[in-house]
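2 protein chains.
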Amino acid sequence: MNGLESVHIVEVGPRDGLQNEPRCLSVHQRVSLIQQLEATGLKEIECGSFVSNSKLPQMADTDKVMARLSLSQTCIYSALVPNQKAWSQAEGIEALQRIALFTSASELFCQHNIGCSLSESLKAFAVIIPLAKAKGLKIRVYLSCVWGCPYEGRVDINQSLALAATLLEMGCDQLSLADTIGIATQSQIKTVLTAFKSIDSEHIALHFHNSSGMAIANVMQCMDMGFVTFDSAIAGLGGCPFANALDSGNLATEDLVYLLHGLGIETGIDLKQLCSVGNSLCQLLHRSNASRLSLSLLNKSTLVI
Amino acid sequence: MNGLESVHIVEVGPRDGLQNEPRCLSVHQRVSLIQQLEATGLKEIECGSFVSNSKLPQMADTDKVMARLSLSQTCIYSALVPNQKAWSQAEGIEALQRIALFTSASELFCQHNIGCSLSESLKAFAVIIPLAKAKGLKIRVYLSCVWGCPYEGRVDINQSLALAATLLEMGCDQLSLADTIGIATQSQIKTVLTAFKSIDSEHIALHFHNSSGMAIANVMQCMDMGFVTFDSAIAGLGGCPFANALDSGNLATEDLVYLLHGLGIETGIDLKQLCSVGNSLCQLLHRSNASRLSLSLLNKSTLVI
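If you want it as structure tokens, here you go:
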């Protein structure tokens, strides 16, 4: 970790988090959440997903949510744009600076999760990416199941690497390598990221779930290898809707920031305020907070953050 | 972490864990737990505490528990021996290979927790240590609150270091530096352990609570600095009875072993069996398992450990 001066956090709570919650927040509540998150000092927030209201009611009216946001100079707003119809909704949104696409390193997960084959998902990207780039937008692609798939088990690293190279050639500027079912161990991370060394680390983000309590350890392993972009979700919300719901939880943003500050890495994020946003959100959602730090702070007054 | 070939785990569940549980286990159940833990491959187990039955009923009859154990060639059995009366019970126990004593880097925590001043606790040690060493026993001393105290806040590192040096001179062969209230961050760990570099790392064990979700990260930081002995408790039981009960749990042994195996460090421990012991114990105690790994395994079948 020595020598790392800054780490970039991609807050995925308003999308990856909320889409897995049984309770739906209103447009107003989601806008307010995003604004509160930005106010803590976060520099990138995934704000929603352009899907049909009936398919994923938690993400309904993402266009309305994003229309209420202004283009920010300090925070990148992104949203999931899963298909061309979604793009037609997204392209007019002034505040949108990055679109996120979703595919998988595993063929079977792609079929079960996205409802198309891997090659079909790439064909869809081949249409959307040039359109988004023509509008000056950045492109993130989620590559799920890089460390293992609930249907296929272990996933071939060379297959993931070839897919990653293809996506970068297609114009993607950030690949989020996801441990979708939270099984990555440190030595597997080392193996995969060593295989990915042909790709500049600035194009790689890491997306860990805390299923087995290793998300923080995984982040440390990645930082040790020079990777500096990590996804996390406020209050540890989220996970993968197609994996067992009890499996996950994303890494909690509060815990990630606490780790970074503990390592002496400045983030510019107000951690107390972040915890407060997470606690309020959990009250709104009638759920418990999955950030260990927040749970700890709720129970004592001596912890200095 | 590169280069570390082995890590020594001190399982403190049967003492530090059980003493904080509202339900008391019988002598038979505690003996069985210790034997099951040893059967997983653990090489050091703290088996109980020689205190009066009325003061800490969870630890009642520790003499009977230990009398049922045989001296092991593969596993060190230890027990907490807080005073001279305790020593009179402990000294005849054949299976006992190490006694553990308890003091604090913080004067106020010592007074509140042990009921005597720091210098009085050292005076008691000065009587017990020579007696135990004359019997060929090893001596562990818990130095609590090294990273902070619920009463004093930050604790002076030089004070901790001077105390540690005194204890080693007195014949202690292992100091367990405890983050009693679970507030240590990685940079604080670095600061303290750098200050402790005058002490051979073979004399140092680290005792982390997972209050803020950082126990695993803390272990990684310590390993990075060459420290290889860690305390943990099956199922993440325990914590500090005099700190807020909700603050802790110890680092779960299951999670620690999972980390080590994930790093490619062999422990000789059967992790599946260990998880099974933890789950059975939690059923006995009517409590939830605080090992993230076990929680994860309970909810899915795809995780390979």
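Residue numbers (my numbering), protein chains in the order written: chain V, 1 to 305; chain Z, 1001 to 1305.
Each residue gets a CB set at the ideal place from its N, CA and C atoms; glycine is no exception.
Subject >> Members of the stretch 211-222 of chain V that neighbour chain Z once the beta carbon cut-off is set at 7 Å >> reply: Ser211, Ser212, Gly213, Met214, Ile216, Ala217 and Met220
Original post:
Any idea if Leu246 (chain V) is buried or exposed, counting beta-carbon neighbours within 10 angstroms, 16 or more meaning buried?
Top reply: Since pLDDT at Leu246 (chain V) reaches only 40, below the 50 mark, its modelled position is unreliable, and the value read off the structure follows with that caveat. Classification of Leu246 (chain V): exposed, given that the 10 Å Cβ count is below 16.
**OP:** With a 10 Å radius around its C-beta and 16 neighbouring C-beta atoms as the bar for buried, classify Asn53 (chain V) as buried or exposed.
**Re:** exposed
Original post:
Which residues does DSSP pair with Asp179 (chain V) in a beta bridge?
Top reply: V:Phe208
Original post:
Do we get a CB-CB distance below 8 Å when we pair Arg292 (chain V) with the residues of chain Z?
Top reply: yes
**OP:** Compute the beta-carbon to beta-carbon distance between Arg140 (chain V) and Ala100 (chain V), rounded to the nearest angstrom, for a pair I have assumed lies under 8 Å.
**Re:** 4 Å
Subject >> Proximity of Glu94 (chain V) and Leu71 (chain V) at Cβ, strictly below 8 Å >> reply: yes
Original post:
What residues in its chain sit with their C-beta under 8 Å from that of Ala290 (chain V), if we drop five residues either side in the sequence?
Top reply: Asn210, Ala235, Gly236, Leu237, Gly249 and Ala252
Original post:
Between Ser88 (chain V) and Thr185 (chain V), what straight-line distance do the alpha-carbon atoms span, to the nearest angstrom?
Top reply: 40 Å
**OP:** Within the same chain, show all residues whose beta-carbon is closer than 6 Å to that of Pro1057 (chain Z), passing over the 5 residues directly before and after it, in chain order.
**Re:** Cys1024
**OP:** Note down, in chain order, all residues in the stretch 179-209 of chain V with a beta-carbon under 9 Å from any beta-carbon belonging to chain A.
**Re:** No chain A is part of this structure, whose protein chains are labelled V and Z.
**OP:** Pull out every residue of the stretch 1012-1025 of chain Z whose Cβ sits closer than 8 Å to any Cβ of chain V, in chain order.
**Re:** none
Subject >> Segments assigned alpha helix (DSSP H), at least 4 residues, entirely inside the stretch 222-271 of chain V >> reply: 253-262
Original post:
With a cut-off of 8 Å, do at least 3 Cβ pairs link the stretch 204-220 of chain V to the stretch 163-176 of chain V?
Top reply: yes
Original post:
Which same chain residues, not among the five before or five after Leu1285 (chain Z), have their C-beta less than 7 Å away from its C-beta?
Top reply: Glu1021 and Arg1023
**OP:** With a floor of 3 residues, list each beta strand (DSSP E) that falls wholly inside the stretch 136-166 of chain V, ordered by position along the chain.
**Re:** 138-144
Subject >> Alpha carbon of Lys138 (chain V) to alpha carbon of Thr229 (chain V), nearest angstrom >> reply: 15 Å
Original post:
So is Asp156 (chain V) in contact with chain Z if we call contact Cβ pairs under 8 Å?
Top reply: no
**OP:** Decide if Leu1298 (chain Z) is buried, meaning its Cβ has at least 16 other Cβ atoms within 10 Å, or exposed.
**Re:** exposed
**OP:** Report yes or no: is there a C-beta of chain Z within less than 8 Å of the C-beta of Ser176 (chain V)?
**Re:** no
Subject >> Nearest to Gln1159 (chain Z) (by Cα), restricted to the options Z:Ile1216, Z:Ser1104, Z:Ser1294 and Z:Glu1011 >> reply: Z:Ser1104
**OP:** Return no unless some Cβ of chain Z is closer than 8 Å to the Cβ of Gly262 (chain V).
**Re:** yes
**OP:** Let me know if Ser49 (chain V) comes out buried or exposed under the rule of 16 or more other beta-carbons within 10 Å of its beta-carbon.
**Re:** buried
Subject >> Residue closest to His1008 (chain Z), alpha-carbon to alpha-carbon, out of Z:Thr1074, Z:Asp1016 and Z:Asp1063 >> reply: Z:Thr1074
Original post:
Ser117 (chain V): buried (16+ other C-beta within 10 angstroms of its C-beta) or exposed?
Top reply: exposed
Subject >> Reference Val65 (chain V), options V:Asn113, V:Pro82, V:Gly92 and V:Gln84, closest by Cα >> reply: V:Gly92
**OP:** Return the residue from the list Z:Ser1288, Z:Asn1279 and Z:Ala1178 that minimises the CA-CA distance to Gln1036 (chain Z).
**Re:** Z:Asn1279
**OP:** Consider the Cβ of Leu259 (chain V): report whether some Cβ of chain Z lies at a distance smaller than 8 Å.
**Re:** yes
**OP:** Under 7 Å between beta-carbons, which chain Z residues line up against Ser6 (chain V)? List them in chain order, please.
**Re:** Within chain Z, no residue comes near Ser6 (chain V); the closest Cβ sits about 16 Å away, beyond 7 Å.
Original post:
If we ignore side chains and look at the alpha-carbon of each, how far apart do Ile1181 (chain Z) and Phe1109 (chain Z) end up?
Top reply: 11 Å
**OP:** Mind listing the chain V neighbours of Ser1144 (chain Z)? Cutoff is C-beta to C-beta under 8 Å, in chain order.
**Re:** Result: empty, since nearest Cβ-Cβ is about 14 Å, beyond 8 Å.
Original post:
In angstroms, rounded to a whole number, what distance separates the CA positions of Ile199 (chain V) and Glu169 (chain V)?
Top reply: 11 Å
Subject >> Within 8 Å, strictly: CB atoms of Gly1213 (chain Z) and Leu293 (chain V) >> reply: yes
Original post:
Can you find a CB in chain V that lies within less than 8 Å of the CB of Asp1231 (chain Z)?
Top reply: no
Original post:
Taking 8 Å as the CB-CB limit, is Gly238 (chain V) close to chain Z?
Top reply: no
**OP:** Please report the Cβ distance between Leu274 (chain V) and Thr40 (chain V), rounded to the nearest whole angstrom; I am assuming they are in contact, meaning their Cβ atoms lie under 8 Å.
**Re:** 4 Å
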